[in-house]
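To start, the structure itself, in structure tokens.
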Amino acid sequence: MSDAKAAQLPELKLYNTLTRSKDVFAPLDPALVRMYVCGPTVYDLAHIGNARPVIVFDLLYRVLRHLYGAEHVKYVRNITDVDDKINARAAAEHPGLALNEAIAKVTFATEAQFHDDLEALGVLHPDVEPRATEHIGEMRTLIERLIASGHAYVAEDHVLFSVPSMPEYGQLSRRPLDDMIAGARVDVAPYKQDAMDFVLWKPSKPGEPGWASPAGIAVNGRPGWHIECSAMSWKHLGETFDIHGGGIDLVFPHHENEVAQSRCAFHSGLMAKVWMHNGFLQVEGEKMSKSLGNFTTIRDLLNDWPGEVLRLTMLKTHYRQPIDWTVKGLEESAKTLEQWFDAAADDAYPRPAPAVLEALADDLNTPKAIAEMHGLRDHAGKKALAGTLAFLGFAPGALREWSAARAPALAISEAEIEARIAERIEARRNRDWAASDRIRDELLALGVAVKDNKDGTASWEPKR
């Protein structure tokens with residue numbers, strides 16, 4: 001990046017859950033900014049709550065690439081493909097197959113569905129998308145290190161992390177011990193040395209997937225959830241890296257335990273420099289749950305709305321705030337995008353307007369960025385608006401196709417509409433307001449809404 005370009009770019013400020021402060025971001029290595037985000041467990045269609053961190057950190061990825069250059073940013077988002085829910089789903093859906101074969105069918109099909117959903121949401125592919133089962137060797141290595149350094153122990157074919165061995169445990173979530181015990185849903189087991197100790201490795205049950213265990217354990221086993229992300233981030237980003245992201249629900253126990261494992265395995269004071277977490281999502285004011293009947297998958301929503309509308313609805317609320325997902329919000333987003341695409345120039349380089357980038361550089365202040373975009377709808381800002389929309393991942397084609405598909409059938413051809421509008425423009429030039437109003441009303445009766453523009457032209461759209 002040239003010094004002149006760097007001088008024009010704003011400072012990036014990010015809120016860090018670890019420090020509870022918003023600070024200027026300074027990468028550990030300016031030549032390679034490294035970010036890890038917890039990805040999906042692939043056993044079912046992703047729900048709309050899963051889409052929030054994906055969209056939030058896709059936006060941060062775009063901002064980082066703009067500020068530092070695409071070749072200087074490495075984004076890793078994992079796939080968890082070993083889990084009890086996966087085992088149960090595979091056994092239920094493919095009872096005639098061996099469990100390993102059934103698991104492969106479920107995980108690869110679900111991963112493909114996830115990728116299709118994200119493509120519709122305008123989400124870029126991460127630079128690396130590791131699968132947990134491809135990193136068992138790294139997990140065993142970390143576990144062996146933890147045992148050797150006294151931070152983990154073997155008990156009844158399990159390996160557990162010893163929480164009391166790390167005095168700084170709890171710094172990320174800052175919860176009192178009683179809250180941590182409750183929040184961790186502690187599994188009471190006689191082989192635990194402390195109630196807070198958590199599983200790094202456990203024996204596989206008969207028929208379950210299993211791998212050779214660490215620490216000389218004779219039976220095959222499988223990893224605990226937390227060790228997976230420590231292993232994958234280490235493999236692809238190193239012992240320490242810049243940004244770790246995910247939903248606020250992952251702060252404890254998942255991210256707290258990642259910090260403990262990684263720091264103790266590498267004798268380091270740091271795993272990730274900045275920890276970022278997006279807020280919760282509710283649906284029409286209530287927590288999303290199947291029992292309430294408001295459980296909504298991304299796929300269900302994409303049947304009714306283009307991905308661009310879902311994306312904007314997600315970005316209208318600042319990422320650290322809770323979001324209330326409503327039909328009204330979707331309708332407002334659709335209208336906003338229609339206005340933006342109508343106003344934007346046909347083509348422009350995908351570069352954000354400076355005021356929009358300034359807002360995004362302030363801890364991804366998307367509400368302010370959106371307010372700035374409304375100001376780009378006049379003639380002077382049309383190219384900047386087009387470039388900003390492209391930068392933010394909005395493709396106008398999908399929205400226009402969706403609008404056309406939803407439009408009611410017209411009782412008049414487009415050629416006839418254009419001819420009648422030309423007559424109306426001529427009537428207005430001649431100040432024949434009665435004829436102008438009559439043509440407008442006749443077109444409206446035929447399902448055509450006419451809009452007069454400031455420059456004397458007119459546009460039309462099917463009446464909703």
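The opening position of the sequence shown corresponds to residue 1 in the UniProt record's numbering, with each subsequent residue numbered one higher.
Ideal Cβ positions, reconstructed from N, Cα and C, are used throughout, including at glycine.
Less than 8 angstroms between the CB atoms is what I'm expecting for residue i and residue j, so what's the real figure, rounded?
| i | j | result |
| --- | --- | --- |
| Lys-309 | Ala-334 | The residue asked about is misnamed: residue 309 is Val in this sequence, not Lys. That belief holds up - the Cβ atoms of Val-309 and Ala-334 are roughly 5 angstroms apart, short of 8 angstroms. |
| Asp-194 | Val-163 | 6 angstroms |
| Asp-362 | Val-33 | That pair is no contact at about 18 angstroms. |
| Ile-227 | Leu-200 | 5 angstroms |
| Glu-372 | Ala-353 | 7 angstroms |
| Thr-336 | Leu-28 | That pair is no contact at about 38 angstroms. |
| Asn-220 | Ala-132 | About 16 angstroms separates the two Cβ atoms, so there is no contact after all. |
| Pro-40 | Thr-80 | 7 angstroms |
| Phe-280 | Ile-248 | 6 angstroms |
| Gly-245 | Phe-391 | That pair is no contact at about 20 angstroms. |
| Ala-458 | Ile-417 | Going by Cβ atoms, the distance from Ala-458 to Ile-417 rounds to 10 angstroms, so no, they are not a contact pair. |
Per DSSP, what are the beta-bridge partners of residue i in this structure?
| i | result |
| --- | --- |
| His-277 | Gly-246 |
| Gln-282 | Lys-287, Asp-324 |
| Tyr-153 | Leu-160 |
| Lys-22 | Tyr-15 |
| Met-196 | Answer by DSSP bridge pairing: none, since Met-196 is not bridged. |
| Gly-221 | Pro-203, Trp-211 |
| His-47 | Thr-297 |
| Thr-80 | Thr-41 |
| Val-251 | Answer by DSSP bridge pairing: none, since Val-251 is not bridged. |
| Trp-460 | Val-450 |
| Arg-34 | Lys-74 |
| Phe-391 | DSSP output for Phe-391 lists no bridge partner at all. |
| Asp-362 | Lys-13 |
| Arg-131 | Ile-79 |
| Phe-241 | Ala-272 |
On the criterion of 16 or more Cβ atoms from any shown chain inside 10 Å, does residue i qualify as buried, or is it exposed?
| i | result |
| --- | --- |
| Glu-138 | buried |
| Leu-444 | exposed |
| His-47 | buried |
| Arg-222 | buried |
| Arg-420 | buried |
| Thr-313 | buried |
| Phe-25 | buried |
| Arg-311 | buried |
| residue 465 | Here the chain has residues from 1 to 464 only, and residue 465 is not among them. |
| Val-73 | buried |
| Gly-397 | exposed |
| Val-82 | buried |
| Arg-20 | exposed |
Can you tell which of the options has its C-alpha closest to the C-alpha of residue i?
| i | options | result |
| --- | --- | --- |
| His-158 | Glu-101, Ser-173, Arg-140 | Arg-140 |
| Met-196 | Ala-218, Glu-134, Phe-161 | Phe-161 |
| Glu-461 | Glu-426, Pro-10, Asp-432, Arg-400 | Arg-400 |
| His-254 | Thr-17, Leu-12, Cys-38, Val-24 | Cys-38 |
| Pro-30 | Gly-69, Ile-143, Arg-62, Ala-92 | Gly-69 |
| Ala-260 | Asp-432, Phe-198, Arg-89, Val-63 | Phe-198 |
| Cys-229 | Lys-205, Glu-208, Glu-256 | Glu-256 |
| Leu-142 | Met-232, Ile-298, His-374, Leu-376 | Met-232 |
| Asn-87 | Phe-108, Leu-99, Asn-278, Thr-80 | Leu-99 |
| Arg-429 | Gly-456, Ala-91, Ala-415, Ile-412 | Gly-456 |
| Ala-449 | Arg-431, Asp-432, Ala-411, Ala-434 | Ala-411 |
| Met-166 | Glu-416, Phe-266, Phe-341, Tyr-191 | Phe-266 |
| Gly-224 | Gly-96, Leu-121, Ala-120, Ser-204 | Ser-204 |
| Leu-64 | Asp-83, Arg-351, Arg-20, Glu-144 | Arg-351 |
| Tyr-61 | Lys-85, Pro-209, Leu-14 | Leu-14 |
| Ala-384 | Phe-341, Ala-90, Lys-202 | Phe-341 |
Leaving out the 5 sequence neighbours to the left and right, which residues in its chain are closer than 7 angstroms to residue i when beta-carbon positions are compared?
| i | result |
| --- | --- |
| Leu-118 | Val-54 |
| His-236 | Val-76, Val-128, Pro-130 |
| Leu-9 | Leu-67 |
| Thr-110 | Val-42, Tyr-43, Asp-44 |
| Gly-307 | Ala-120, Leu-121, Gly-122, Ala-398 |
Looking only at its own chain, which residues have a Cβ that is under 6 angstroms from the Cβ of residue i, when we skip the five neighbours before and after it?
| i | result |
| --- | --- |
| Arg-263 | Met-271 |
| Ile-147 | Ala-215 |
| Leu-18 | Leu-172, Trp-275 |
| Ala-369 | Val-356, Ala-359, Leu-360 |
| Glu-156 | Tyr-191 |
| Thr-297 | Leu-45, His-47 |
| Arg-377 | Ala-343 |
Excluding five sequence neighbours on each side, which residues of the same chain lie with their C-beta closer than 8 angstroms to the C-beta of residue i?
| i | result |
| --- | --- |
| Gln-282 | Met-288, Pro-322, Ile-323, Asp-324, Trp-325 |
| His-94 | Glu-101, Ala-102, Lys-105, Val-106 |
| Thr-366 | Leu-59, Leu-315, Lys-316, Thr-317, His-318, Tyr-319, Ala-359, Leu-360 |
| Asp-437 | none |
| Asp-346 | Ala-386 |
| His-135 | Glu-228, Ala-231, Met-232, Lys-235 |
| Gly-170 | Leu-177, Met-180, Glu-256 |
| Glu-286 | Leu-292, Asn-294 |
Can you determine whether any heavy atom of the ligand MN sits closer than 7 angstroms to the C-beta of residue i, and answer yes or no?
| i | result |
| --- | --- |
| Asn-365 | As far as ligands go, the structure on display features none, and thus does not contain the ligand MN. |
State yes or no: is the beta carbon of residue i nearer than 8 angstroms to at least one beta carbon in chain C?
| i | result |
| --- | --- |
| Asp-363 | Going by chain labels, chain C is absent from the structure shown, which holds only one protein chain. |
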